[in-house]
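A.B. asks: Here it is: the structure, laid out below.
In this note's numbering, the protein residues as written are 5 to 226.
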């Protein structure tokens, strides 16, 4: 309660609002209760379109442990807190520079990160975003997601996914010629050909082909 009052006190002193000189705890509760899911989606969508060209968007998840026996989404899964409790998974898409969330979803605790990438791409299309640059950690990596990313990239999105392991470390990555003084690391990028296949249930067939990708390797002594 102290943090809430302190935060609103600072905010109300620097903004014009209809609640008088300060926002009481009762007023803040009413304010939050008045915000609907539709308001949240509209805010995120408008902010996302405003900042679309200015920053890349990071996609990550967290697990929220729960003792609830009535919520259907509370399931046992890979608990990131290692507390051996069932959980709900929260997926969040946010801007690297602004720190603002542009999209989020609650999922059952037994759904792994790697299963959510295709759904995210479809939802971004539905929300009307243009070309989005997405960055994901290795928890979202799989060959299927990499192939799927090529399909979405062909339409509009760009995707960077950290590979779990790599055996394609280029020669000379530790040499001075590969050193990037801006970031203090060795860096190398190369174009690679990716063989992919895509099942099309609506046509009952599978298409295959090659796509150009870029493989980036970074090396730090530490």
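Virtual Cβ for every residue (Gly too), placed ideally from N, Cα, C. Remember, it's a predicted structure, so these values are computed and weren't measured experimentally.
Out of 135, 146, 128, 193, which one is the CA nearest neighbour of residue 48?
C.D. replies: Residue 48 sits at position 44 when you count from the first residue of the chain shown. Closest option to residue 48, Cα to Cα, is 128.
A.B. asks: Could you tell me the distance, in whole angstroms, from the CA atom of residue 63 to the CA atom of residue 17?
C.D. replies: For this step, residue 63 is matched to residue 59 along the chain shown. For this step, residue 17 is matched to residue 13 along the chain shown. Taking the straight line from one Cα to the other gives about 34 Å.
A.B. asks: In whole angstroms, what is the alpha-carbon distance linking residue 68 and residue 217?
C.D. replies: In the chain shown, counting from the first residue as 1, residue 68 sits at position 64. In the chain shown, counting from the first residue as 1, residue 217 sits at position 213. Whole-angstrom Cα-Cα distance: 35 Å.
A.B. asks: Let me confirm a value: residue 133 is counted as buried when at least 16 other C-beta atoms fall within 10 Å, else exposed. Which label applies?
C.D. replies: As a position in the chain shown, residue 133 is number 129, starting the count at 1. Residue 133 should be labelled buried.
A.B. asks: Pull the bridge partners of residue 100 from the DSSP assignment, please.
C.D. replies: Taking the first residue of the chain shown as position 1, residue 100 is located at position 96. Residue 100 pairs with nothing; no bridge assigned.
A.B. asks: Report the rounded CA-to-CA distance for residue 34 versus residue 42, giving the unit in angstroms.
C.D. replies: Within the chain shown, the letter at position 30 stands for residue 34. Within the chain shown, the letter at position 38 stands for residue 42. When rounded, the distance between both Cα atoms is 17 Å.
A.B. asks: Once the 5 residues before and after residue 100 are set aside, which same chain residues still bring their CB inside 8 Å of it?
C.D. replies: Position 96 of the chain shown holds residue 100. Once the five neighbours on either side are set aside, the close Cβ partners of residue 100 are 59, 60, 61, 62, 139.
A.B. asks: From residue 165 to residue 83, what does the alpha carbon distance come to, in whole angstroms?
C.D. replies: Position 161 of the chain shown, counted from the start, is the residue given in the question as residue 165. Position 79 of the chain shown, counted from the start, is the residue given in the question as residue 83. Going from the Cα of residue 165 to the Cα of residue 83 covers about 22 Å.
A.B. asks: Would you list the one or two residues that DSSP bridges to residue 210?
C.D. replies: Locating residue 210 in the chain shown gives position 206, counting from the first residue. In the DSSP output, where bridge partners are listed per residue, residue 210 has 203.
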